[in-house]
Amino acid sequence: MSTAISTKAPPPRRRLAGHGLTEVALARLFIAPSVLVMAAVVLFPIGFALVTSLRSYTRRQVDGFAGLANYGTVLSDPAFWAAMRFTGLFTLTSVALEFVIGLAFALLMNHARRGRGVTRAVILVPWVIPTVVAGQMWAFMFNINPGFINSLLGLDDFNWLGSAGWATVTVIAADVWKTAPFAALLLLAGLQTIPSELYESARMDGASAWQRFWHLTLPLLRPAIMVALLFRTVDAVRVYDLPQVMTGGAFGTESLSMLVRQFIVITPDPGIGAALSTITFALVLGVGVLFVSQIGRSMVEGGSTR
Amino acid sequence: MVVFLWCLAPFVWLILTSLKQGDAALNDPDLLQGPFGLGNYVAVLAQDFALNMRNSFAVASMTTLLSVSIGVITAYALARLPVRRRIALMTGVLAASLFPPVALVPPLYEAWRTFGLLNTYEGMYLAYVSFSLPLVIFIMSTFFAAIPRELEESAKIDGASALQAFARVILPLAIPGVVSAMILTFVTAWNEYLLASTFAPRNPEIAQTVPVAIATFTGAVEYQRPIGTITAASVLVTIPMIILALLLQRRIVAGLTAGAVKG
């Protein structure tokens, strides 16, 4: 079982075609546009942000070289640590819940013999709904008045969105609703690659349902699990839309991304904003590298045991 | 079934709410409290919402066109042609797909301000390519890897050049993959909010997209969020996406899970 990252060995260099472009020339021609575009929209911004983060600014005007002063300012700012706390809490809780619910959905769907197509279509609904729409929808549902959830649960005027702590809970709830199905889909694809003969022989050996799940499904599903966790964790660290729309960052729900945007657009200090965005980028990259090294290892281990 | 209830119940709430008329009905949590009607939809369409839809459509289409056309050939080169530093390039693509969009906000905001690209379609879809291009390359390289190599070999024995083998033999076979990549890119671009609200926040006649419009709707009465028009607008943007999802469910699932699990 292989995973997202193609680690195929490069093919042997083949005989060049008799006429037209050689394969090497064609490869260069085909790759050039992407390299150019990525350099313009990804590499250039990273470099530019690094430079900007080392400069000091007064209202958008460059005011000289600042060294690491911007980073110092960011790291000593309580707003930064509040955003870190929210982002961290949000990431851990929502990814954990999404994973458990997603896995349950995937197992259910894998068992169901009929209506699999319909279920897969339905499961895409939360995914295609724009996050802004989902945010508005859940904000209205958690509202005090007309509070659909309050009337459903028999709570009179419980202020979900307007109290510290519960505001975080509502944002996490909306996120779990929107993306647990997506996790389910990725895990379902993994489940379908497990041959059913394995389950039959385990059953004949007298393994209980729980033992089959724990010793068979989970280890074999590991690559799919890692990929699903990678995608979801990275997305959660970059979260912006949901808290922005639902609470506007009030009551301790300001994420790192929201803080960056605040320094760029609302209270302009490009130096601070760039330092913050660089820190965010480093965090996301760190999480990514962690997962990718794990995925790589699981491939090596998988290869040696089979 | 649990899955159905989980996925659809909030959306049913959204539709029912958008159909309610009048303050009393909208402020009543009881879903079946009438009167019902299409008043909210009429109000939304009277508020330039059609312009927002047009902007979103233009930006998402251009993003799709641009990133799919250059992403597909790059993916083919990475999957099949002799490329030096293939591993480095693939790692670069993966790193770019992890890139947090918010890191684009400071540099691109300054650059777009300098080049006059704020509040333009170009400023929007150029920024969107940063996240959609790695996605396309990612999906398409797994599709190309799944097409048997012998097909190119035999085309070349018949005298086709490398380019002809790609264009005449491989590309037609990869159409399902291209369709997946197009849908995924379009949906992502259609739903994007952070960059849209930064680079084109202002007015629907220029480049403001639907998510920005929905997030900033203000009611006739100040301090009261216009639940009726917001829910109606939300239904209007979501319905086309849902129809797309239902019709092309197989393709979307294939695209989402390509590479991720099949390999």
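Chain order of the listed sequences is L and U. Mapping the first sequence onto this note's numbering, position 16 (from 1) lands on 16, and the numbers just tick up by one. To convert, count from 1 in the second sequence and add 306; that's this note's numbering. Positions of the beta carbon are idealized from the N, C-alpha and C atoms, including for glycine. From a predicted model like this one, the values you see are computed outputs, not experimental measurements.
- By the Cβ criterion, the segment 48-61 of chain L is in contact with the segment 263-276 of chain L, since at least three pairs of Cβ atoms, one from each stretch, lie closer than 8 Å.
- Of all residues in the segment 410-436 of chain U, only Leu410, Val411, Pro412, Pro413, Leu414, Tyr415, Glu416, Ala417, Leu432, Ala433, Val435, Ser436 come within less than 8 Å of chain L when Cβ atoms are compared, listed by chain position.
- Bounds of the alpha helix (DSSP H) holding Ser460(U) are 456-463.
- Distance from the CA of Glu98(L) to the CA of Val176(L), rounded to the nearest whole angstrom, comes to 5 Å.
- Sequence-distant Cβ neighbours of Leu220(L) in its own chain, meaning closer than 7 Å and more than five residues away, are Ile194.
- Within the segment 427-507 of chain U, complete alpha helix (DSSP H) segments of at least 4 residues are found at 427-452, 456-463, 481-497, 500-505, given in chain order.
- The same chain holds no residue with a CB closer than 6 Å to that of Glu200(L) once the five nearest residues on each side in sequence are set aside.
- Here Ile379(U) is not near Val125(L), since their CB atoms are 7 Å or more apart.
- A direct Cα-Cα distance of roughly 19 Å separates Leu322(U) from Lys178(L).
- Residue pairing by DSSP leaves Thr170(L) without any beta bridge partner.
- With a cutoff of 7 Å on beta-carbon distance, Ala180(L) and Ile129(L) are scored as not near each other.
- Annotated as distal: Val442(U) and Ser362(U), with beta-carbon spacing of 7 Å or more.
- The beta carbons of Ala381(U) and Val389(U) sit no closer together than 7 Å.
- In the three-state DSSP reduction, Gln327(U) falls in the coil class, being neither helix nor strand.
- DSSP links Thr267(L) through a beta bridge to no other residue.
- Within 7 Å of the CB of Thr131(L), the CB atoms of chain U belong to Asn497, Tyr499, in sequence order along the chain.
- Judged by pairs of C-beta atoms under 8 Å, the segment 543-563 of chain U does not touch the segment 460-472 of chain U, as fewer than three such pairs exist.
- Closest in alpha carbon position to Gln327(U), among Val309(U), Tyr347(U), Phe317(U), is Tyr347(U).
- DSSP, read as helix, strand or coil, puts Phe405(U) in coil.
- Within a 10 Å sphere around the beta-carbon of Gln211(L) sit fewer than 16 other beta-carbons, which makes this residue exposed.
- Residue environment: Ala471(U) is assigned as buried (16 or more neighbouring CB atoms within 10 Å of its CB, all protein chains considered).
- With a beta-carbon spacing of about 13 Å, Val95(L) and Arg238(L) fall beyond the 8 Å limit used to define contacts.
- Taking a C-beta distance under 7 Å as the contact criterion, Val74(L) and Ala275(L) qualify as a contact pair.
- Using a Cβ-Cβ cut-off of 7 Å, Gly88(L) does not count as an interface residue toward chain U, since no Cβ of chain U sits closer than that to its own.
- One thing to note: Ala385(U) has its Cβ within 7 Å of the Cβ of Ser447(U).
- Taking 7 Å as the cut-off, the beta carbon of Ser255(L) is found closer than this to the beta carbon of Thr87(L).
- Identification of residues in the segment 211-243 of chain L having a C-beta nearer than 9 Å to some C-beta of chain U yields Pro223, Ala224, Val227, Ala228, Leu230, Phe231, Val234, Val237, Arg238, Tyr240, Asp241, given in sequence order.
- Pro223(L) counts as buried, since at least 16 other C-beta atoms from the protein chains shown sit within 10 angstroms of its C-beta.
- Put simply, the CB of Val493(U) is near chain L, with a gap under 7 Å to one of its CB atoms.
- For Gly252(L), no beta strand (DSSP E) run applies, since DSSP gives it neither H nor E.
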